[in-house]
Amino acid sequence: MEKMKISNNSWQTSLSRLLNQLTSELGEPPRVAIVGIGNQLRNDDAAGMLVARNLLRKECASDASHLLVIQAGHAPENVTGELRSFAPELILLIDAAEMRDVPGAICWVPIQSIEGMSASTHSLPLSMLARYLTLELNCMVALIGIQPKSNDFGETISAEVSQAVNEIVEEICKTCFALKPAY
335 MEKMKISNNS WQTSLSRLLN QLTSELGEPP RVAIVGIGNQ LRNDDAAGML VARNLLRKEC
395 ASDASHLLVI QAGHAPENVT GELRSFAPEL ILLIDAAEMR DVPGAICWVP IQSIEGMSAS
455 THSLPLSMLA RYLTLELNCM VALIGIQPKS NDFGETISAE VSQAVNEIVE EICKTCFALK
515 PAY
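Under the working numbering, the first residue of the sequence shown carries the number 335, and numbering increases by one thereafter.
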């Protein structure tokens, strides 16, 4: 039986709802850290890094003081100091994740569900990192996972994952960068 691609609207809706909830609670747009994770030498595993890199190239990222975009590579625990200094209300991890779906599928993964996610190319399991960030920085953490086609050694991104990367970048620009702080 062939797997059906999950609805990409579900992750977009989840992101939008969370940002609206935080904005309502805080009375201003939340400080959001977007952390791109991945190994650029493992084909599609570089997806999170590509999202971060492409966001940093966007004009909308240059004047967004309430947003921080980080290319964390395969050791996201190494950016905790930068995250602590920024003091976000939300950390959005973006990573290739084995979800047993079709290549390029995008999924919103709440922190409670990160536990079972495959992250074999990282030095620290994402579930452990997410728990640490939640406790130490007193913020929310979520994951946008992208189903890879290949994590073999190489520097080629599949067409499916490249399309997913572009979709995530466009949605983050539309949703996150559109928020404007009152100050």
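Glycine included, every Cβ here is placed at the ideal spot set by N, Cα and C.
If you're wondering where the values come from, they're calculated on a predicted model, not measured in any experiment.
Using a Cβ distance threshold of 9 Å, GLY372 and ALA439 do not count as a contacting pair. Exclusion of the five residues before and after ASN500 leaves ASN388 as the residues of its chain whose Cβ lies within less than 8 Å of its Cβ. As for any beta strand (DSSP E) of minimum length 3 sitting wholly inside the stretch 400 to 465, the runs are 401 to 407, 424 to 430 and 440 to 444, ordered along the chain. Considering only LEU426, ILE404, ALA421 and GLY407, the residue with the shortest C-alpha distance to LEU352 is LEU426.
Inter-residue distance for ALA498 and GLU470 is about 31 Å (C-alpha atoms, whole angstroms).
Looking only at ALA386, GLN374, VAL369 and GLN355, the smallest Cα-Cα distance to GLY415 is reached by VAL369. Spatial neighbours of LEU477 in its own chain (CB-CB distance under 6 Å, excluding positions within 5 residues in sequence) are listed in chain order as LEU427, VAL443 and ILE448. Secondary structure note for LEU389: its alpha helix (DSSP H) is the uninterrupted segment 381 to 391.
Approximately 26 Å separates the beta-carbon atoms of ILE491 and ALA398; this is outside 8 Å, ruling out the contact. DSSP, reduced to helix, strand and coil, places LEU356 within a helical segment of the structure shown.
Between ASN485 and ASP378, the C-beta gap is smaller than 9 Å, which places the two residues in contact. Straight-line spacing of the CA atoms in GLU359 and ALA406 works out to 29 Å. Taking all protein chains shown into account, GLN446 has fewer than 16 neighbouring C-beta atoms within 10 Å of its C-beta and is therefore exposed.
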